[in-house]
Amino acid sequence: MSLRNELHGPRQNLRDWYRYMNQGALAIHKANPNVLVVISGLNYDTELQFLKSKPLKIGLGKKMVFETHLYSWSGIGTLKLKQIWTKQPLNRICANSIKGIDHRAGFLTAGKNASPLIFTEFGFDETGSSVEDNRFLTCLQTYLVGRDMDWGLWAFQGSYYVRNDKVQLGVMDDTWHHLRKPNFTDKFQLLQRKNHGKHFELLNGVIALATSVG
Numbered sequence: 000m001s002l003r004n005e006l007h008g009p010r011q012n013l014r015d016w017y018r019y020m021n022q023g024a025l026a027i028h029k030a031n032p033n034v035l036v037v038i039s040g041l042n043y044d045t046e047l048q049f050l051k052s053k054p055l056k057i058g059l060g061k062k063m064v065f066e067t068h069l070y071s072w073s074g075i076g077t078l079k080l081k082q083i084w085t086k087q088p089l090n091r092i093c094a095n096s097i098k099g100i101d102h103r104a105g106f107l108t109a110g111k112n113a114s115p116l117i118f119t120e121f122g123f124d125e126t127g128s129s130v131e132d133n134r135f136l137t138c139l140q141t142y143l144v145g146r147d148m149d150w151g152l153w154a155f156q157g158s159y160y161v162r163n164d165k166v167q168l169g170v171m172d173d174t175w176h177h178l179r180k181p182n183f184t185d186k187f188q189l190l191q192r193k194n195h196g197k198h199f200e201l202l203n204g205v206i207a208l209a210t211s212v213g
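Numbering that gives the first Met the number 0 numbers the first residue of the sequence shown as 0 and each following residue consecutively.
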């Protein structure tokens, strides 16, 4: 059960975050102590670094999980700044991006008080025409494999909603029976090899895009 997806805007603040994440997590855990309670961060779920100085202490046992989101442009600025992936050497921008990821959220998985962290949302241009997104995906997969992290992709659906007068497309086609891009799963070979035999499945050629957390 995930708490409040992508908080953002002028009304987000740490006082309310700590108060209501605590209340919401405890309410869910009381209703069903068997489910994982997934805690979202601030600024479109990209920032959890404030937990370094003030950890979130809730009595959920091993049922509390944190989540974060990432795109080729998030963490480095605006959509225009995603071009940095082609303006700088890949090893440099990837290293800098990983440092940013660790600063904002990845640090949660290290140390004696480590907590589970899931990349519950990332996305890219599925046509493969964006060099920036392709480089970003390579970098992110390397990070996820190296840290053995679970993940989810935005978005799995066919064409089910409209944004800025454009139909938003997902992994599946309009029938929800086939991949929109037949070679889509080829982009995830690195993650498939890492997760083979663990929590990763191919169901009728479709990637199970969210794995489980132990």
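Each residue gets a CB set at the ideal place from its N, CA and C atoms; glycine is no exception.
- The DSSP-derived three-state label of residue 53 is coil.
- Counted as a single uninterrupted DSSP element, the stretch harbouring residue 43 is not any alpha helix (DSSP H), since DSSP gives it neither H nor E.
- The Cβ atoms of residue 46 and residue 3 do not sit closer than 7 Å to each other.
- DSSP places residue 34 outside both helix and strand once states are collapsed to three, so it counts as coil.
- For a cut-off of 8 Å, the C-beta gap from residue 64 to residue 34 is around 10 Å, too long to register as a contact.
- Short of 6 Å from the beta carbon of residue 107, and not among the five residues preceding or following it, lie these beta carbons of its own chain, in chain order: 65, 114 and 116.
- Residue 118 sits in a strand when the DSSP states are folded into three classes.
- Rounded to the nearest angstrom, the gap between the Cα atoms of residue 11 and residue 105 is 22 Å.
- At the C-beta level, residue 169 and residue 156 come within 7 Å of one another.
- Straight-line measurement puts the Cα of residue 188 at about 42 Å from the Cα of residue 14.
- Judged by DSSP secondary structure, residue 66 falls outside any alpha helix (DSSP H) and instead within the beta strand (DSSP E) spanning 63 to 69.
- The beta carbons of residue 132 and residue 123 sit closer together than 7 Å.
- When the five nearest sequence neighbours on each side are left out, the beta carbons in the same chain lying within less than 7 Å of the beta carbon of residue 127 are those of 133, in order along the chain.
- By the criterion of a C-beta distance shorter than 7 Å, residue 90 is surrounded by no residue of its chain, once the five residues flanking it on both sides are discounted.
- In the three-state scheme derived from DSSP, where H, G and I count as helix and E and B as strand, residue 105 is classed as helix.
- With distances taken between CA atoms, residue 175 lies nearest to 158 out of 158, 42, 125 and 31.
- Checking the DSSP bridge columns, you'll see residue 167 partnered with 160.
- Residue 24 is positioned such that its CB atom lies closer than 7 Å to that of residue 57.
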